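Asker: Structure incoming, see below.
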Amino acid sequence: MCRNHVATRLQPFGETVFATWSRLSQQHGAVNLGQGFPDFDGPPDVIEAAHRAMVEGHNQYAPMPGVPALRQAVALDFGAATGLAVDPDADVTVTAGCSEAIAASLLGLLNPGDEVIVFEPFYDSYPASIAMGGGVMRTVTTRPPLFGIDLDAVRAAITARTRAILLNTPHNPTGHVASREELEGLAAIARDHDLVVIADEVYDRIVFEGRHLPIASMDGMWERTITLRSMAKTFSMTGWKIGWAVAPPPLTAVVRAAHQFMTYAIATPLQYGAAAALGLGDAYYTQLQTDYLARRNLLCDGLERAGFGVHVPAGTYFVMCDHTPFGFANAEAFCQHLVEHVGIAAIPPGSFYGDPADGRDLVRFAFCKTIPVLEEAIRRLGRLMG
Ligand SMILES: Cc1ncc(COP(=O)(O)O)c(C=O)c1O
771 MCRNHVATRL QPFGETVFAT WSRLSQQHGA VNLGQGFPDF DGPPDVIEAA HRAMVEGHNQ
831 YAPMPGVPAL RQAVALDFGA ATGLAVDPDA DVTVTAGCSE AIAASLLGLL NPGDEVIVFE
891 PFYDSYPASI AMGGGVMRTV TTRPPLFGID LDAVRAAITA RTRAILLNTP HNPTGHVASR
951 EELEGLAAIA RDHDLVVIAD EVYDRIVFEG RHLPIASMDG MWERTITLRS MAKTFSMTGW
1011 KIGWAVAPPP LTAVVRAAHQ FMTYAIATPL QYGAAAALGL GDAYYTQLQT DYLARRNLLC
1071 DGLERAGFGV HVPAGTYFVM CDHTPFGFAN AEAFCQHLVE HVGIAAIPPG SFYGDPADGR
1131 DLVRFAFCKT IPVLEEAIRR LGRLMG
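Shown next as structure tokens:
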């Protein structure tokens, strides 16, 4: 028998669900609405800026916290979104995507046995990153149709060991955009119990209803919040893996304590590209929203016509649906049928829950695809009923 060399704390996680379903998608020649990567390129000016940086010789290690041009652009962008005075040197750290920012925040913050409150369904790197940090995850479940935050459940999940709340808004996979009431409630809980909030805001620019409100801008929250963002979704550059953490110096120290030994510094020329991206201005963001709104409406209408119960998202480029009208035992069985016989890959969300049974009735589709690809998927959905 083959010996399992994987550390005990990482054994429960296995292969990520995205790798599994992308492989199946390829095997079956399916339209891949599983993993959340755009099938189109980001802005040409941004690519050109990174290329120019390479040609101009920006090819050695970047400074550990990030190149100054990008940190300045992040400070301006975050300052404009929150009204906070952000210091590019003291408050900003560039990371290998938001993924590294999540891991660095948790590895830098947690002592063994510290607890982190996470809303489920969760992004699948959260439990693994908490485990790597030696922490313990406490989940609070959000439920359809609204997937709202139950503040009483959050209060009930707090113990003497609670160290942080890991919040994601706009939320993958549910598309929920936290309301002012929800955020003020969470902020009050964090203040009352002296908790750190790690705010994963990678979808901050993809909002269709309501407004994204950064929790760092709420009363007394700047000093206890680490905000994480990334180029991946906003600029359709998931392959660049450029993200950043914004936090006051004591919490920036937390991020950098881990970051300096995990990656030390991030791809230099791509940071110049990211700085150019943040300079594109409002017209770019307006177009991004318009394009995603059209894609959301197209796919949601198609899914509804095909017979799904559709939980139309207020933000992000994902939509959660109820697949039970089709009579399959669970989400895996449904997704297996979908990829093999209908030619569409989607994600069964069981691994986004502490208890996979909570995601049994749901399936996640991504609509970060070009209109012809979404139209082809909708055409194939016709096979579901046939
Ligand atoms: C909620 C959430 N956080 C973080 C990430 C990872 O971001 P990055 O690609 O910048 O590492 C993703 C990517 O899908 C995500 O959905």
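Here the sequence shown is numbered in the numbering used here, starting from 771 and rising by one per residue.
Note that beta-carbon positions come from the ideal geometry of N, C-alpha and C, so glycine has one too.
These figures come from a predicted structure and were not determined experimentally.
Do you know whose CA, among Pro1126, Gln1106, His1107, Gly1085, lies nearest alanine 1136's CA?
Answerer: The residue with the shortest Cα to Cα distance from alanine 1136 is Gly1085.
Asker: Can you name, in chain order, every residue of its own chain whose Cβ lies under 7 Å from the Cβ of cysteine 1070, other than the five neighbours on each side?
Answerer: Contacts found: Val1080, Val1082, Val1089.
Asker: Taking all protein chains shown into account, do 16 or more other C-beta atoms lie within 10 angstroms of the C-beta of glutamate 890, making it buried, or fewer, making it exposed?
Answerer: Buried, since its Cβ has 16 or more Cβ neighbours within 10 Å.
Asker: Pick from Tyr973, Thr778, Gly955, Ala1023: whose alpha carbon is nearest that of methionine 1001?
Answerer: Minimum Cα distance to methionine 1001 is reached at Tyr973.
Asker: State the CB to CB distance for the pair proline 761 and histidine 775, rounded to an integer number of angstroms; the pair is presumed to be in contact (CB under 8 Å).
Answerer: No statement about residue 761 is possible, as the shown extent of the chain runs from 771 to 1156 and does not include it.
Asker: Between which two residues does the beta strand (DSSP E) holding alanine 863 run?
Answerer: Note that residue 863 is threonine in the sequence shown here, rather than alanine. Run containing threonine 863: 862-866, per the beta strand (DSSP E) assignment.
Asker: Scan the region 821-876 and note each continuous alpha helix (DSSP H) run of 4 residues or more that stays entirely inside, going in chain order.
Answerer: Listed in chain order, they are 838-852.
Asker: Does DSSP classify tryptophan 1010 as helix, strand or coil?
Answerer: If DSSP states are grouped into helix, strand and coil, tryptophan 1010 belongs with coil.
Asker: Hey, cysteine 1091 and aspartate 809: beta-carbon distance below 9 Å or not?
Answerer: Not closer than 9 Å, so no.
Asker: Kindly identify the DSSP beta-bridge partner or partners of arginine 961.
Answerer: DSSP lists no partner for arginine 961.
Asker: Which same chain residues, not among the five before or five after phenylalanine 783, have their C-beta less than 6 Å away from its C-beta?
Answerer: So the qualifying residues of the chain are Ala898.
Asker: How long is the line joining the alpha carbons of leucine 937 and leucine 1154, rounded to whole angstroms?
Answerer: Each residue's alpha carbon lies about 36 Å from the other.
Asker: With a CB to CB cut of under 8 Å and the five nearest residues on each side skipped, what residues in its chain are close to glutamine 755?
Answerer: There is simply no residue 755 to check, as the chain begins at 771 and stops at 1156 in what is shown.
Asker: Taking Cβ positions, are isoleucine 1012 and leucine 877 nearer each other than 9 Å?
Answerer: Their beta carbons are not under 9 Å apart, which means isoleucine 1012 does not touch leucine 877 by this criterion.
Asker: Once the 5 residues before and after glycine 955 are set aside, which same chain residues still bring their CB inside 6 Å of it?
Answerer: Taken in chain order, the residues that qualify are Leu921.
Asker: Mind checking glycine 799: buried by the 16 CB within 10 Å criterion, or exposed?
Answerer: It counts as exposed.
Asker: Are the beta-carbon atoms of isoleucine 900 and valine 910 separated by less than 9 Å?
Answerer: No. Outside cutoff.
Asker: Apart from the five residues on each side of it in sequence, which residues of its chain come closer than 7 Å, Cβ to Cβ, to isoleucine 935?
Answerer: Hits under 7 Å: Ile887, Leu956, Ala960, Leu965, Val967.
Asker: Report yes if the C-beta distance between valine 816 and leucine 1108 is below 9 Å; otherwise report no.
Answerer: Taking 9 Å as the Cβ cut-off, valine 816 and leucine 1108 do not qualify as a contacting pair.
Asker: Distance, Cα to Cα, glutamine 1030 vs asparagine 1100?
Answerer: Those two C-alpha atoms are separated by around 43 Å.
Asker: Count the other C-beta atoms from every protein chain shown that fall within 10 angstroms of the C-beta of arginine 933, then say buried if there are 16 or more, exposed otherwise.
Answerer: The residue is buried, with at least 16 neighbouring Cβ atoms inside 10 Å.
Asker: Would you mind sorting alanine 868 into buried or exposed? The rule is 16 or more other CB atoms within 10 Å of its CB.
Answerer: Before going on, a small fix: residue 868 reads as cysteine here, not alanine. With 16 or more other Cβ atoms within 10 Å, it is buried.
Asker: Under 8 Å by Cβ, that's how I've got threonine 852 and alanine 986 pegged, so tell me the actual separation to the nearest angstrom.
Answerer: Indeed they touch by this definition, with Cβ atoms about 6 Å apart.
Asker: If you run the structure through DSSP and keep just helix, strand and coil, what is serine 1000?
Answerer: Correct three-state label for serine 1000: strand.
Asker: Would lysine 1003 and arginine 975 be called neighbours here (beta carbons separated by less than 9 Å)?
Answerer: Yes, these two residues count as a Cβ contact at 9 Å.
Asker: Is it true that the region 786-805 meets the region 1108-1122, where meeting means three or more beta-carbon pairs spaced less than 8 Å apart?
Answerer: Judged by Cβ distances under 8 Å, the region 786-805 makes contact with the region 1108-1122, as three or more pairs qualify.
Asker: Taking the alpha carbon of valine 837 as the reference point, which residue from Ile1036, Ala1147, Asp1061, Arg1134 has its own alpha carbon closest?
Answerer: Answer by Cα proximity: Ile1036.
Asker: On the CB-based measure, 16 or more other CB atoms within 10 Å of its CB, does threonine 944 come out buried or exposed?
Answerer: The residue is buried, with at least 16 neighbouring Cβ atoms inside 10 Å.
Asker: What do you get for glutamine 1057, buried or exposed, if any count of 16 or more other CB atoms within 10 angstroms of its CB means buried?
Answerer: The residue is exposed, with fewer than 16 neighbouring Cβ atoms inside 10 Å.
Asker: Taking only the alpha-carbon atoms, compute the straight-line gap between glycine 905 and aspartate 884 and give it to the nearest angstrom.
Answerer: So the alpha carbons of these two residues sit roughly 5 Å apart.
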